[in-house]
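Everything below concerns the one structure shown next.
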Amino acid sequence: MPIVNIDITRFDNLIINWFRECTPKILVVTDNLNYSPTNDFGLTEFVNTLRSSTIHGMTPIVITANFSPSGTLSYNAATQHITNFKFTDPTHGLLKSRYDVVLMLAIHRETGPKLTDEAGALNAVINFMQAGGGVFATGDHEDLGAGMCMDIPRVRAMRNWRRTDTPSAGGSDRLTTNLAGSDDVYQFEDQSDEFPQRLYVNYRTNAGGIGNAHPLLQVPGSSPARAIEVFPDHPHEGECRVPSNLTTKMPDGVSDEWPMRIGIGGAATRVAPEAVALTMSHGNAFSGKAAVSPRSFISICAYDGHLANVGRVVTDATWHHFVNVNLVGVLPTRPPGRQGLTGRNLDDVKQYYKNLVTWLMPRSVRRCLRYPWLLQELVRFPLFEELRPAPFDQLKSAELREIGALVETALTKREPQFQVQQLTQDMLEDVLGADAVIKLSEFGREFGKITAREAGLAALGAMTMAIANTATEMREREKIEGATVFGPVAEKAIALGIRRYLEESRAELQRMDALIESITL
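First residue of the sequence shown? That's 24 in the numbering used here, and the numbers climb one at a time after it.
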């Protein structure tokens with residue numbers, strides 16, 4: 024009997040119906056880009072990538088919007104698009120209960136139109152972030168994008184937005200990543216050829232760990248994770264930065280912009296943004312553009328707000344990493360040599376988009392999505408053949424860890440390593456608390472006997488068996504509240520798996536102690 028005994032022709036619909044409340048909800052907002060598939064400055068390829076992707080097994084709802092502080096808002100349900108979007112609109116505005124992640128790709132300069140031209144809009148974004156919502160923001164060269172983004176806490180410090188802080192678009196200080204094309208001549212249109220810029224990945228981030236790329240730049244199917252090392256190129260980019268002052272306040276003058284993380288023994292530290300990757304500005308002159316002296320700059324910056332119980336934030340050097348002309352070439356004709364990225368390079372850029380929205384998802388959504396994600400993996404090869412149903416509470420710790428390792432391997436073949444690591448990290452923290460997980464990890468690194476990884480595998484194995492059994496029991500139910508039904512079962516299984524592992528480890532240490540005591544020198 025398969026581990027999940029459900030008619031496979033009904034399975035996908037059941038998952039959608041059972042976990043509808045977990046469906047990721049993404050809002051893409053621009054103020055002067057567009058969503059036309061035939062326009063160079065369209066976000067079509069980017070949005071279509073999001074809509075065709077899955078986030079922990081669920082296809083997201085992606086709403087597109089054009090922000091304007093004036094004009095009457097209208098919503099087209101057929102295209103899922105909002106015209107004259109208002110952040111404070113009672114029906115479509117930015118609320119944590121309505122959206123999980125907002126992606127802001129802005130053009131208007133610091134002279135406006137601005138986010139603050141809409142009364143209450145800045146507070147709407149702040150409330151969303153403080154409640155755990157994920158925020159992405161980018162502009163382009165000089166102060167392009169400042170109108171919407173320059174006043175948003177955290178975002179304002181993770182990228183240069185204002186004209187006085189940014190290089191020019193055409194001078195010798197411009198930030199150009201454009202490579203000379205196949206003719207070895209520098210020209211503007213090289214941004215639309217098949218040659219991408221090189222990213223210099225930071226392999227020492229807290230989020231990725233030493234020896235791995237940051238989660239934003241990981242690809243599926245490898246351990247350690249292969250890194251995404253390419254981006255579309257452009258002759259005048261913006262620049263991300265890591266703020267040096269983490270003691271600033273929110274606009275209310277009271278709340279910390281960079282809140283504290285409480286660590287072992289109650290020690291408090293501020294969570295700082297990290298440079299995810301750098302790139303290199305270099306290149307010769309062409310019409311309207313001066314030759315430049317080479318220098319590196321930060322292309323992506325990320326803040327893990329979950330460590331401080333707020334939302335995560337990512338900034339990017341330019342929205343030219345997202346628009347059609349840099350991805351699929353000069354539209355609508357796409358002439359030879361101007362047809363955009365191809366093959367693995369294009370696939371890697373699209374993987375970055377998927378990683379972006381996945382990493383930004385609120386903690387609560389990530390926890391809800393773990394059930395459909397695991398269930399979908401259980402009806403695929405190889406787990407469909409490798410695992411058989413069994414009462415999870417009758418399995419020994421070694422058996423649970425073996426099951427957990429099989430599940431981990433299967434998941435990592437389809438998704439980036441960070442997603443699987445976050446899954447086990449969440450389970451451990453749910454039961455033990457973050458402080459105890461840190462202690463367990465440090466003990467494992469020092470002594471190697473009891474490790475957080477092994478505890479996580481035991482928890483994963485137990486939860487897998489528990490939710491598989493529950494799914495089989497629920498197979499005749501077309502509609503249930505998935506998180507309500509599977510949540511308590513999973514929590515019980517996770518706790519049992521961890522407890523069994525720790526009890527087994529304690530018994531082994533006691534036997535070791537007895538052996539040492541019995542030996543006389």
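Yeah, the Cβ is synthetic: ideal placement off N, Cα and C, and Gly gets one too. Because the structure is a prediction, the values reported are computed rather than measured.
| Item | Value |
| --- | --- |
| State the start and end residues of the unbroken beta strand (DSSP E) segment that holds cysteine 324. | 315-326 |
| Return the chain-ordered list of same chain residues with a C-beta closer than 7 Å to the C-beta of alanine 144, the five sequence neighbours on each side being excluded. | Phe110, Thr111 and Leu138 |
| Would you grab the beta carbon distance between proline 282 and alanine 331 for me? Rounded to a whole angstrom, and I think it's under 8 Å. | 4 Å |
| Tell me the DSSP secondary structure of isoleucine 251 in three-state form. | coil |
| Could you name the residues of the same chain whose beta carbon sits closer than 6 Å to that of serine 319, not counting the 5 residues immediately before and after it, in chain order? | Leu301 and Met303 |
| Tell me which residues share the same chain as isoleucine 3 and place their Cβ nearer than 7 Å to its Cβ, disregarding the 5 neighbours each side in the sequence. | The chain is shown only over 24 to 544; residue 3 falls outside these bounds and no answer can be derived. |
| Going by Cα to Cα distance, which pick from Ala482, Glu501, Met384 and Lys502 is closest to leucine 525? | Ala482 |
| Rounded to the nearest angstrom, what separates serine 316 and glycine 261 at their Cα positions? | 16 Å |
| For the beta strand (DSSP E) that asparagine 107 lies in, which residues bound it at each end? | 104-108 |
| Between isoleucine 521 and aspartate 453, what straight-line distance do the alpha-carbon atoms span, to the nearest angstrom? | 11 Å |
| Might you give, ordered along the chain, the residues of its own chain that have their beta carbon closer than 7 Å to the beta carbon of valine 27, omitting 5 neighbours on each side? | Leu398, Leu401, Val402, Ala491, Ala494 and Thr495 |
| Quick check: the Cα distance between arginine 389 and proline 136, rounded to an integer number of angstroms? | 35 Å |
| Mind checking which residues open and close the alpha helix (DSSP H) that includes valine 454? | 440-455 |
| Look at phenylalanine 254 and glutamine 214 and say whether their C-beta atoms are less than 8 Å apart. | no |
| May I ask which residues mark the beginning and end of the alpha helix (DSSP H) holding tyrosine 223? | Tyrosine 223 -> not in any alpha helix (DSSP H); beta strand (DSSP E) instead, spanning 220-224. |
| Flag this pair as yes or no: are the beta carbons of aspartate 54 and tryptophan 342 separated by less than 8 Å? | no |
| Among Ala129, Ser97 and Met81, whose alpha-carbon lies nearest the alpha-carbon of leucine 66? | Ala129 |
| On the DSSP letters alone, give me the boundaries of the alpha helix (DSSP H) that aspartate 63 sits inside. | Careful: aspartate 63 lies outside any alpha helix (DSSP H) and carries neither H nor E. |
| Output yes or no for whether 8 Å exceeds the beta carbon distance between glutamate 545 and alanine 325. | There is simply no residue 545 to check, as the chain begins at 24 and stops at 544 in what is shown. |
| Over what stretch of residues does the alpha helix (DSSP H) that includes lysine 48 continue unbroken? | Lysine 48 -> not in any alpha helix (DSSP H); beta strand (DSSP E) instead, spanning 48-53. |
| Please classify isoleucine 321 as buried or exposed, where buried requires at least 16 other C-beta atoms within 10 Å of its C-beta. | buried |
| Counting only runs of 3+ residues fully inside the region 475-519, write out the beta strand (DSSP E) ranges in chain order. | none |
| The alpha helix (DSSP H) spanning glutamate 422 covers which residue range? | 420-437 |
| Please state whether the Cβ-Cβ distance between valine 333 and methionine 152 is less than 8 Å. | yes |
| For proline 439, count neighbouring C-beta atoms within 10 Å of its own C-beta (all shown protein chains included) and say buried if the count is 16 or more, exposed if not. | buried |
| Using a Cβ-Cβ cut-off of 6 Å (strictly less than) and excluding sequence neighbours within five positions of valine 351, which residues of its own chain qualify? | Glu68 and Gly363 |
| Using CA atoms only, rank isn't needed, just tell me which of Ala457, Gln442, Thr356 and Ser528 is closest to arginine 424. | Ser528 |
| If you run the structure through DSSP and keep just helix, strand and coil, what is glycine 289? | helix |
| Rounded to whole angstroms, what is the Cα-Cα separation between asparagine 307 and proline 176? | 37 Å |
| By Cβ distance below 6 Å, which residues in the same chain neighbour lysine 48 in space, the five residues on each side in sequence not counted? | Ile84, Tyr122 and Asp123 |
| Under the rule that 16 or more other beta-carbon atoms within 10 Å means buried, what is glutamate 165, buried or exposed? | buried |
| Select from Thr270, Arg33 and Gln448 the residue whose C-alpha is nearest the C-alpha of isoleucine 517. | Gln448 |
| Take serine 464 and list the residues in its own chain whose beta-carbon comes closer than 7 Å to its own, dropping the five residues that flank it on each side. | Ala475 |
| Tell me the start and end of each unbroken beta strand (DSSP E) in the region 121-179 that is at least 3 residues and wholly inside, in chain order. | 124-128 and 157-161 |
| Compute the Euclidean distance between the alpha carbons of valine 294 and phenylalanine 345, then round it to the nearest angstrom. | 28 Å |
| Looking at C-alpha atoms only, which residue of Asp256, Pro258, Ser541 and Gly232 is the closest neighbour of proline 247? | Gly232 |
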